[in-house]
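Asks:
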Amino acid sequence: MTEAKNNGLSDSVAALDNKLASSQLKPEDVEEVSDLLTPIERKVAALDAPPDVPESPAGKLFKLLWCKTHPVEADLRLILRLMPDSSPLVRYTATQAFKSTLDVALDRWSDPKFSIAASERVTECARQESSPLISYELDQIRPRLLDATPKRRRSRPKMAQNPYIVGPPIRDSKGFFGRQDILDRLRKMVASHGGMRAAVLYGARRTGKTSILFRIEAGEFGDSVVPVYLDMQGVAGSPLGTFLRILVRVIRKAAADLTDLAVGDPDVISVREYIESTLHRLGTKSLLLLIDEFELLEAYLSSGFAAQLQSLLDVSPNLFIIFAGSRKLESLRGGAFSNLLDSATYIKISFLDRNDATRMITEPIGDAISFPPEVVEKILTLTNAHPFYTQLMCLSIFDLALKSGKATPENVDEAVGRFLQNPAPHMILTWNAMRLGEAAVGSTVALLQSGDSQWVTPIVIAMRLHTERFPVDLTAADIQRALASLCDIDWIEQRRGGGEYRFTMELVRRWVSENRSISYLASKHQEELAARAVGFWKQRSASLIDWIVCGLLMTSAANATSWDPFPQILLAFMVPLAFLMILLFAGRATAGMFVLRLRSAPAPGKSLGKGRTAILGFAYTIRFFVEFALFKFIVTLPHSWRYIGFGRLSVAVMLAALVALDQVMMLRGSRHRGLYDKMAGTMVVPSEALTSW
């Protein structure tokens, strides 16, 4: 504390503590936070040693700001300790201090234990962070930690580190292969003022869209272009103000040597004015916005952001935008973006060129492991030069061939076996995101296609689904839509000039064929429906509605004939029999099911067979007759002996027997979940359960 007094900091710390206690500042209040911390940062920057201040919120800020301004001497353990602090301002300042240390070479990064601890701490903080701005900053730190990893491992023995990268986008130019034609096309767009102003990189996930943006951000287009990268995942779910603050912040960072402009209370108009001022200060240079995961922009379309963006493009010849995402921009709902499409060019990111894929296989390992041509060809046959799956195979083959120093076809086969047993989470997530029809069509194509040469037509797919007794009837239009969706994610391709299809990657086809068969899909679908089957009492309510309908029909028929007992009893049997046979067996729905929005779907398990189904249907039909007879006896009890010819005691005994039989059948129905569940091998489910076919 004495040293703090000597440095004149004690009063400042106390004043800041009081201010923090009386205010509700958040990291998202960028300007207010800057006004508060900038004077303190200047003050501690002049200190040669860390300030000796109390461990209060203000004291923590003083220490962290000193670390930020002295990155070489910074106490990294202090920074990591304060990253999960309860105060949002302390957490935010800790991330800023940590980022400053990544810009300098520190001997402490050579300590593997410390490096691992730092990475784990950042990952844990990112997972638990509630502030969108801090979460965004942590997401920016994590890949930079990955970039620093090779520097920290240079002392390791050769070949100890697997060079193949699966998962995170590529930032290092040494790990980036191909896409030169796409980069050249984008470079020409940015260079030609007055031409195309926007581009959309679209395609399935894990195809390298973000890696392309990283290459541009790293200066691929030269000093005449100022690239600004914005990952929309970092601001997903944030209010408009937070999104605009982060947008301004990344622009300021990218053009830090050219402008120090600030924006007050963020709104669409003020941000537009800020971008216009930045463009003016850039002079002849171009500002290139790189917006990743553009689908998330949909949340901000109603704010007028899209209209302002389009207007800026119209009046600013040195402003360009490159969007990247998994679906076409035209699929967004905003009308303003439809205008933006007029000046946008679409570029699909898909499979690599085979020559580039060959380089991606052989160059990262140098002379450590040799990949004979036949091994490379076998890998590319399995993956069709898909960047993610090619890297995934090489990742496994590297471990298998490390000792021998040479990859063999047997290593490839073993890597495939590992993949089939433990598939990539990305592929599982892609499969789980499919609708039932898409999955069924994909499974059928995988079954019908043998190797990589056979093409399959939609008619053959429909016939195979029928042969396999798939429980969902897919129309020709359903199959065509499913094939189109599978083509969009690069799992299936269409033959040029014809309506034939096949899997693009033999590796994926084998996994689908072996692990997601048609029977597997049918079973899973039926189990899901069974879990949603409605209970006995709701089906009982439907049966009562059906009974009323039957009663009305029988009464109308009886009035048209005579009131003799035999015709009435015959009608009581025939009407519900026809009612059930026609409506339930043919239409899979009755009047009661329609009123309560219930549907009948194929039940899981083996079919009952025609004989058992007929017997069971007949038994349940008798139930309607019993209920009608019971009602009839109750209504006509005083005169019932006149119809039957029995005494009152006999009538009472028969009535009691009918009531007992009715209760027994109700009990049996409840044990089988519902009245209709066993009829014709069906189960009754809510109508909305079948809308995803």
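The opening position of the sequence shown corresponds to residue 0 in numbering that gives the first Met the number 0, with each subsequent residue numbered one higher.
The C-beta atom is built at its ideal place from N, Cα and C for all residues, glycine as well.
Predicted, not measured: the structure shown is a model, and the values here were computed from it.
1. Under a three-way DSSP split, which group does LEU428 fall into?
2. Which residue's Cα is closest to the Cα of LEU401: VAL267, ILE368, ARG508 and GLY441?
3. Could you tell me the distance, in whole angstroms, from the CA atom of MET665 to the CA atom of ALA438?
4. Among ARG214, CYS124, ILE133 and PHE418, which residue has its Cα nearest to the Cα of PHE242?
5. Where do the N-terminal and C-terminal ends of the beta strand (DSSP E) with LEU401 fall, by residue?
6. Work out the CA separation of ILE268 and ILE274 for me, nearest whole Å.
7. Are ILE378 and VAL411 touching if we call contact CB-CB under 8 Å?
8. I need the straight-line Cα distance from THR407 to ARG248, nearest angstrom please.
9. According to DSSP, PRO226 sits in a beta bridge with which residue or residues?
10. Rounding to the nearest angstrom, what Cα-Cα distance links THR344 and PHE319 in this structure?
11. Applying the 10 Å Cβ sphere with the 16-neighbour rule, what's the burial state of ALA585?
12. DSSP on ARG204, reduced to helix/strand/coil?
13. Is DSSP giving VAL52 helix, strand or coil here?
14. Out of THR277, ARG271 and THR206, which one is the CA nearest neighbour of PRO226?
15. According to DSSP, simplified to helix, strand and coil, what is LEU19?
16. Can you tell which of ILE544, LYS59 and ALA475 has its C-alpha closest to the C-alpha of VAL43?
17. By the 10 Å Cβ neighbour count, where 16 or more other Cβ atoms means buried, how is THR92 classified, buried or exposed?
18. With distances taken Cα to Cα, identify the nearest neighbour of ALA254 among ILE211, LEU35, HIS385 and GLY282.
19. List the whole-angstrom C-beta distance separating LYS67 from GLN23, where the pair is believed to meet the contact cut-off of C-beta under 8 Å.
20. Can you name the start and end residues of the beta strand (DSSP E) that ARG501 belongs to?
21. So, does the segment 514 to 521 touch the segment 447 to 462, judging by three or more C-beta pairs under 8 Å?
22. Secondary structure at VAL444, three-state DSSP: helix, strand or coil?
23. Suppose you measure from the CA of LEU15 to the CA of ASP489; what does that come to, to the nearest Å?
24. Can you tell me whether GLY166 is helix, strand or coil according to DSSP?
25. On the three-state DSSP scale, how would you describe GLN493?
26. ALA483 lies in the beta strand (DSSP E); which residues open and close that run?
27. Within the same chain, show all residues whose beta-carbon is closer than 6 Å to that of HIS192, passing over the 5 residues directly before and after it, in chain order.
28. Quick check on DSSP: helix, strand or coil for SER395?
29. Please report the residue range of the alpha helix (DSSP H) in which LEU75 lies.
30. Which residues mark the beginning and the end of the beta strand (DSSP E) in which THR456 is found?
31. For a quick check, are the C-beta atoms of ALA235 and SER342 less than 8 Å apart?
32. Closest to ASN354 by C-alpha separation, out of PRO372, ARG463, ILE346 and LEU506, would be which residue?
33. Helix, strand or coil for VAL270 per DSSP?
34. Nearest CA to the CA of LEU212: which residue from ILE164, SER9 and LEU200?
35. I'd like to check one pair, PRO168 with MET114: are the Cβ atoms closer than 8 Å?
36. Count the other C-beta atoms from every protein chain shown that fall within 10 angstroms of the C-beta of ASN383, then say buried if there are 16 or more, exposed otherwise.
Replies: Considering the structure as presented:
1. helix
2. ILE368
3. Here the model assigns MET665 a pLDDT of 48, short of 50, so the residue's position is not dependable, and the following value carries that caveat. If I take the Cα positions, the gap works out to 39 Å.
4. ILE133
5. That residue, LEU401, is in no beta strand (DSSP E); it is neither H nor E in DSSP.
6. 10 Å
7. yes
8. 51 Å
9. LEU287
10. 12 Å
11. Per-residue confidence for ALA585 stands at a pLDDT of 44, beneath the threshold of 50, marking its modelled position as unreliable; the derived number appears in the next sentence. With fewer than 16 Cβ atoms within 10 Å of its Cβ, ALA585 is classed as exposed.
12. coil
13. coil
14. THR277
15. helix
16. LYS59
17. buried
18. GLY282
19. Incorrect: roughly 24 Å between the Cβ atoms, too far for contact.
20. 500 to 502
21. no
22. helix
23. 57 Å
24. coil
25. strand
26. Per DSSP, ALA483 belongs to no beta strand (DSSP E); it is in the alpha helix (DSSP H), 475 to 487.
27. PRO316
28. helix
29. 75 to 81
30. Premise fails: THR456 is in no beta strand (DSSP E) and is neither H nor E.
31. no
32. PRO372
33. helix
34. LEU200
35. Inspection of the sequence shows that residue 114 is occupied by Ser rather than by Met. Their beta carbons are not under 8 Å apart, which means SER114 does not touch PRO168 by this criterion.
36. buried
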